[in-house]
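**Student:** Protein sequences appear in the order of chains A and B. Residue numbers for the first sequence follow numbering that gives the first Met the number 0, so the first one is 0 and each next one is one higher. Residue numbers for the second sequence follow numbering that gives the first Met the number 0, so the first one is 0 and each next one is one higher. Just dropping this structure here.
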Amino acid sequence: MTLLGDRQQLSYIAAQAADARVNVELETEGMTLNIGPQHPATHGTLRIIARLDGEQVVWAEPSAGYMHRGYEKLTEVRTFPQVTALVNRIDWLGSFANEVPFILAAEKIMGIEATPRAQHIRTILFELSRIANVSLFLGDLGVQLGAVTPVFFAFRDREYVLNLIEAATGGRFHPNFDRIGGLKDDLPAGFIDETRSVMKKLRNFCDEIENLLFGNEIFQSRTRGIGVIPKEVALQYGLSGANLRASGVDWDLRRDQKIAMAWDKVDWKVITHPDGDSFARCWVRLQEVRESTRIVDQLLDTIPGGPVMVKVPKIIKVPEGEAWVSTENPLGEMGYYVVSKNDQGPFRVKIRSASFNNISIVPWVLKGVYVPDIITILASLYFILGDIDR
Amino acid sequence: MFPLSQADTTEAPRDERRESELAAILGVLGANAADSLMKPNDDIWVRVTTESWRASVDAVRSLGYTYFCFLSAIDWMPSPFGKGEDDPTAPPPERDSSIRQGYAGGATRFQLLARLVMPGSTSGVNLKCDVPDDSMTVESIVPVFAGANWHERETWEMFGINFAGHPDLRHIYLPQDFEGFPLRKDFPLLARIVKPWPGIVDVEPLPGDENEEESEQS
């Protein structure tokens, strides 16, 4: 509640300042600042239009659509197995995680379930893509604030994870590995030992980033108390993932949802933070990478035997029906509403991507902040352009 | 349908949690609920009347469904272009053009679809509502959920559904002077029309696969 108070106080000060200017007839003209679509401080082609009063933002709006590819339309002319190649490219840093909810939705309509081994390996790869995605965020965070070192650490250690994903699936960024009924292949030889040693490296990486960045005084002063999003507002805008948990909502779809994956078979905890500011959002993500490495370690110990694929027909026809499946992706809740009309391809697919909702709060959260904070708030909200534009 | 299905062999289980949730939702909606469907261990669908769209969303929200997941629309008309895999030299094939709505029924070609969730749980509800064919206008739910702003802009741009009371109905992805509504089924996917799709591949049986083929068909 005190945080809300701070915000109100800030707007009160702004209003007072505006009044004072009018009173002395020294009103300055507002200025419109255009950031992007191509700008070193934005990752991807997001354009922000901000109207400024001095150093303060009075109105801001992101302008999306520079990378709109129309996947919802394209899915209507594809078959179900072909769609995974498209959805890979939505959140391109954690692409395997995009395939899973779509395949689960198709399986739900068909009434089949992958084998336990396939579910287990799916969960491992899902968490690996989360680690690959969020570790890059942690490095990128430093760049946004003017610290260059963390990004080198991030690229170095993410490479180990990408190598693992490549070894298992054949693709570093676009695995296209998930199939209706299971997985394309089993894990390669040596994968388990290699993954264990990489998870150790990643935990070291988290410690490094924590020492380098999170303990840094400049980082703290630029993120603590900045860009506060209270719980109620976060829910209204449909914020999800770490952004929501950083506002104090204890909700993780991996834990709270009954789903044909292996998260319920291991011991891990959901990280939340009560503050809702930029620091909280970054901190929650850092802890989540740690938890993910723990999840992967435990899953590696308990991979069940058996095939990775149930028997499905060569030409897959999905019966008439509708299904909604969402999972806790690296960026937040990613879900697909699939409508099938007993055909080889979907009739309609609504892609609910996390960044679209996460960024729709930007006009609200940027109101009243100072120009340098625009970049830190955007960085802490963490979006992938492909995930906004689809 | 598929012999591998486990769901076919077991009896449909009762889902008391969802049954009571649906009863609570229908209770608060009263006469505004036009139709509903509950699939055990799956999901809840409720179709509400067009006039009560905003009031119904607000009523469901007051039950604790305070997390706004998404809002979109469905065009139930089958595409007149099929999958864009027709031979351009041959006469166009006959296609089924009958409109069949999905879960929780309906009467119009376009339907709105929104999902609200109870935070901290998996209790969610898919709300649907018919969009009148003539006016193509539904009340905006931005006063209820501020996050619906962008979703309604996207739905307006892609389907041409107007939202009365929306503060700022502008294009979000496409250029401001774009004409047409791309996600409508009668909006052609030009890439498929100007050039034959190279992805039409028949699944050929592999050597030694004949036995398997036969066993699947039997």
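Beta carbons are placed, not taken as given, at the ideal position from N, Cα and C, and that holds for glycine.
Please report the distance separating the alpha-carbon of A/L201 from that of B/T136.
**Tutor:** Locating residue 201 of chain A in the first sequence gives position 202, counting from the first residue. Locating residue 136 of chain B in the second sequence gives position 137, counting from the first residue. Their Cα atoms are separated by approximately 52 Å.
**Student:** Skipping 5 residues on each side, what residues in its chain have a beta carbon closer than 7 Å to that of B/F186?
**Tutor:** Locating residue 186 of chain B in the second sequence gives position 187, counting from the first residue. Only G179, F180 meet the Cβ criterion.
**Student:** Check each residue of the region 57-74 of chain B: if its Cβ is closer than 8 Å to any Cβ of chain A, include it; give the result in chain order.
**Tutor:** T65, Y66, F67, C68, F69, S71, I73, D74
**Student:** Which residues does DSSP pair with B/I73 in a beta bridge?
**Tutor:** Reading the second sequence from its first residue, position 74 is the one you call residue 73 of chain B. DSSP links B/I73 through a beta bridge to B/Q110.
**Student:** Measuring only between beta-carbons, confirm whether B/T154 sits less than 8 Å from chain A.
**Tutor:** For the purposes of this step, residue 154 of chain B is taken as the residue at position 155 of the second sequence. Judged by the 8 Å Cβ criterion, B/T154 is not in contact with chain A.
**Student:** Could you pull the start and end residues of the beta strand (DSSP E) that A/A105 belongs to?
**Tutor:** Position 106 of the first sequence holds residue 105 of chain A. Counting along the chain, A/A105 falls outside any beta strand (DSSP E), though it belongs to the alpha helix (DSSP H) covering 94-109.
**Student:** Three or more C-beta pairs closer than 8 Å, one from the region 164-184 of chain A and one from the region 135-154 of chain A: is that the case here?
**Tutor:** no
**Student:** How far does the alpha helix (DSSP H) with A/Y159 in it extend, from its first residue to its last?
**Tutor:** Locating residue 159 of chain A in the first sequence gives position 160, where the first residue counts as 1. 148-168 is the extent of the alpha helix (DSSP H) around A/Y159.
**Student:** Verify the CB distance criterion: does B/T121 have a CB-CB separation below 8 Å to chain A?
**Tutor:** As a position in the second sequence, residue 121 of chain B is number 122, starting the count at 1. It does; some Cβ of chain A falls within 8 Å.
**Student:** In chain B, what lies closer than 9 Å to A/N356 by C-beta?
**Tutor:** By 1-based counting over the first sequence, the position of residue 356 of chain A is 357. Result: F67, C68, F69, G146, W149, H150.
**Student:** Nearest-angstrom Cα distance between A/I47 and A/W262?
**Tutor:** Translated into the one-based positions of the first sequence, residue 47 of chain A becomes position 48. Translated into the one-based positions of the first sequence, residue 262 of chain A becomes position 263. Approximately 38 Å between the Cα atoms of the pair.
**Student:** Any beta carbon from chain A within less than 8 Å of B/K194's own beta carbon?
**Tutor:** Residue 194 of chain B sits at position 195 when you count from the first residue of the second sequence. It does not; no Cβ of chain A falls within 8 Å.
**Student:** Please report the distance separating the alpha-carbon of B/E213 from that of A/A131.
**Tutor:** By one-based count along the second sequence, residue 213 of chain B stands at place 214. By one-based count along the first sequence, residue 131 of chain A stands at place 132. With a pLDDT of only 48 at B/E213, under the threshold of 50, the placement of this residue in the model should not be trusted; the figure read from the coordinates follows. Taking the straight line joining both Cα atoms gives about 44 Å.
**Student:** Using C-beta distances below 7 Å, list every residue in its chain close to B/G83, excluding the 5 sequence neighbours before and after it, in chain order.
**Tutor:** If you number the second sequence from 1, residue 83 of chain B lands on position 84. L188, R191, I192, W196, listed in sequence order.
**Student:** Only counting the same chain, and skipping five residues up and downstream in sequence, which positions put a Cβ closer than 7 Å to that of B/E215?
**Tutor:** Sequence index remark: in the second sequence, residue 215 of chain B carries index 216 (1-based). For B/E215, the predicted model reports a pLDDT of 48, less than 50, meaning its position is unreliable; a value from the coordinates is still stated below. When the five nearest sequence neighbours on each side are left out, no beta carbon in the same chain lies closer than 7 Å to the beta carbon of B/E215.
**Student:** B/G29 versus chain A: which residues are under 9 Å apart at the beta carbon?
**Tutor:** The sequence position of residue 29 of chain B within the second sequence is 30, counting from 1. For the C-beta of B/G29, not a single chain A residue is nearer than 9 Å; the gap to the nearest is close to 25 Å.
**Student:** Could you give the distance in angstroms between the alpha-carbon of B/I160 and the alpha-carbon of A/A378?
**Tutor:** Along the second sequence, one-based indexing puts residue 160 of chain B at 161. Along the first sequence, one-based indexing puts residue 378 of chain A at 379. C-alpha separation (whole angstroms): 34 Å.
**Student:** May I ask you to list, following chain order, the residues of the region 101-118 of chain B that have a beta carbon less than 8 Å from some beta carbon of chain A?
**Tutor:** G101, Y102, L112, R114, P118
**Student:** Verify whether the separation of the beta carbon atoms of B/F67 and B/L115 is less than 8 Å.
**Tutor:** Here residue 67 of chain B refers to the residue found at position 68 when the second sequence is read from its first residue. Here residue 115 of chain B refers to the residue found at position 116 when the second sequence is read from its first residue. In contact: B/F67 and B/L115 (Cβ atoms closer than 8 Å).
**Student:** Touch check for the region 152-171 of chain B and the region 21-41 of chain B: three-plus C-beta pairs under 8 Å?
**Tutor:** no
**Student:** Taking C-beta to C-beta, are B/S71 and A/K268 nearer than 8 Å?
**Tutor:** Translated into the one-based positions of the second sequence, residue 71 of chain B becomes position 72. Translated into the one-based positions of the first sequence, residue 268 of chain A becomes position 269. Not closer than 8 Å, so no.
**Student:** Quick one: list the residues of chain B neighbouring A/A63, beta-carbon separation under 9 Å, in chain order.
**Tutor:** Translated into positions along the first sequence, residue 63 of chain A becomes position 64. Chain B residues near A/A63: W149, I171, Y172.
**Student:** Determine the direct distance from the alpha carbon of B/D74 to that of A/D386, and round the result to whole angstroms.
**Tutor:** Start at 1 with the first residue of the first sequence, and residue 386 of chain A comes out as number 387. Start at 1 with the first residue of the second sequence, and residue 74 of chain B comes out as number 75. Rounded to whole angstroms, A/D386 to B/D74 spans 23 Å at the Cα level.
**Student:** What separation, rounded to the nearest whole angstrom, lies between the Cα atoms of B/T8 and A/D185?
**Tutor:** Locating residue 8 of chain B in the second sequence gives position 9, counting from the first residue. Locating residue 185 of chain A in the first sequence gives position 186, counting from the first residue. In this prediction, B/T8 has a pLDDT of 49, which is less than 50 and means its spatial position is unreliable; what the coordinates show is noted afterwards. Going from the Cα of B/T8 to the Cα of A/D185 covers about 28 Å.
**Student:** I need the straight-line Cα distance from A/R77 to A/Y336, nearest angstrom please.
**Tutor:** Taking the first sequence and counting its residues from 1, the one referred to as residue 77 of chain A is at position 78. Taking the first sequence and counting its residues from 1, the one referred to as residue 336 of chain A is at position 337. Looking at the two C-alpha atoms, the distance is approximately 16 Å.
**Student:** My understanding is that A/L127 touches A/V307, with C-beta atoms under 8 Å, so please give their C-beta distance in whole angstroms.
**Tutor:** For the purposes of this step, residue 127 of chain A is identified with residue 128 of the first sequence, where counting begins at 1. For the purposes of this step, residue 307 of chain A is identified with residue 308 of the first sequence, where counting begins at 1. That belief does not hold up - the Cβ atoms of A/L127 and A/V307 are roughly 16 Å apart, past 8 Å.
**Student:** Could you check which residue in B/R183, B/L173, B/K194 has the C-alpha nearest to that of A/Y65?
**Tutor:** Along the first sequence, one-based indexing puts residue 65 of chain A at 66. When each option's Cα is compared against that of A/Y65, the closest is B/L173.
**Student:** If you measure from the beta carbon of A/K257 to each beta carbon in chain B, is any gap under 8 Å?
**Tutor:** If you number the first sequence from 1, residue 257 of chain A lands on position 258. A/K257 counts as touching chain B.
**Student:** Flag this pair as yes or no: are the beta carbons of A/R284 and A/L137 separated by less than 8 Å?
**Tutor:** For this step, residue 284 of chain A is matched to residue 285 along the first sequence. For this step, residue 137 of chain A is matched to residue 138 along the first sequence. Cβ distance < 8 Å, so A/R284 and A/L137 count as in contact.
**Student:** For A/V459, which residues in chain B fall below 7 Å Cβ to Cβ?
**Tutor:** Because residue 459 of chain A is not part of the residues shown, which for chain A are 0 to 389, the question remains open.
**Student:** Which parts of the region 173-212 of chain A are runs of the alpha helix (DSSP H), unbroken and 4 residues or longer, counting only runs that do not cross its ends?
**Tutor:** 190-208
**Student:** What residue from B/A106, B/S139, B/F158, B/W52 has the CA that sits closest to B/D167's CA?
**Tutor:** Along the second sequence, read from residue 1 onward, the residue named residue 167 of chain B stands at position 168. Cα-wise, what sits closest to B/D167 is B/S139.
**Student:** Would you verify that the beta carbon of A/D177 is, or is not, closer than 8 Å to some beta carbon of chain B?
**Tutor:** Counting from one through the first sequence, the residue named residue 177 of chain A turns up at place 178. Not closer than 8 Å to any Cβ of chain B, the Cβ of A/D177 fails to qualify, so no.
**Student:** So which of A/P362, A/R121, A/G367 has the shortest CA-CA distance to A/I258?
**Tutor:** Numbered from its first residue, the first sequence carries residue 258 of chain A at position 259. The residue with the shortest Cα to Cα distance from A/I258 is A/R121.
**Student:** Would A/V248 and A/A113 be called neighbours here (beta carbons separated by less than 8 Å)?
**Tutor:** Within the first sequence, residue 248 of chain A is the residue found at index 249, counting from 1. Within the first sequence, residue 113 of chain A is the residue found at index 114, counting from 1. Their beta carbons are not under 8 Å apart, which means A/V248 does not touch A/A113 by this criterion.
**Student:** Going along the chain, which residues of its own chain have a beta-carbon closer than 7 Å to the beta-carbon of B/P77, five neighbours each way excluded?
**Tutor:** The sequence position of residue 77 of chain B within the second sequence is 78, counting from 1. Correct list, in chain order: R94, D95, S96, K184.
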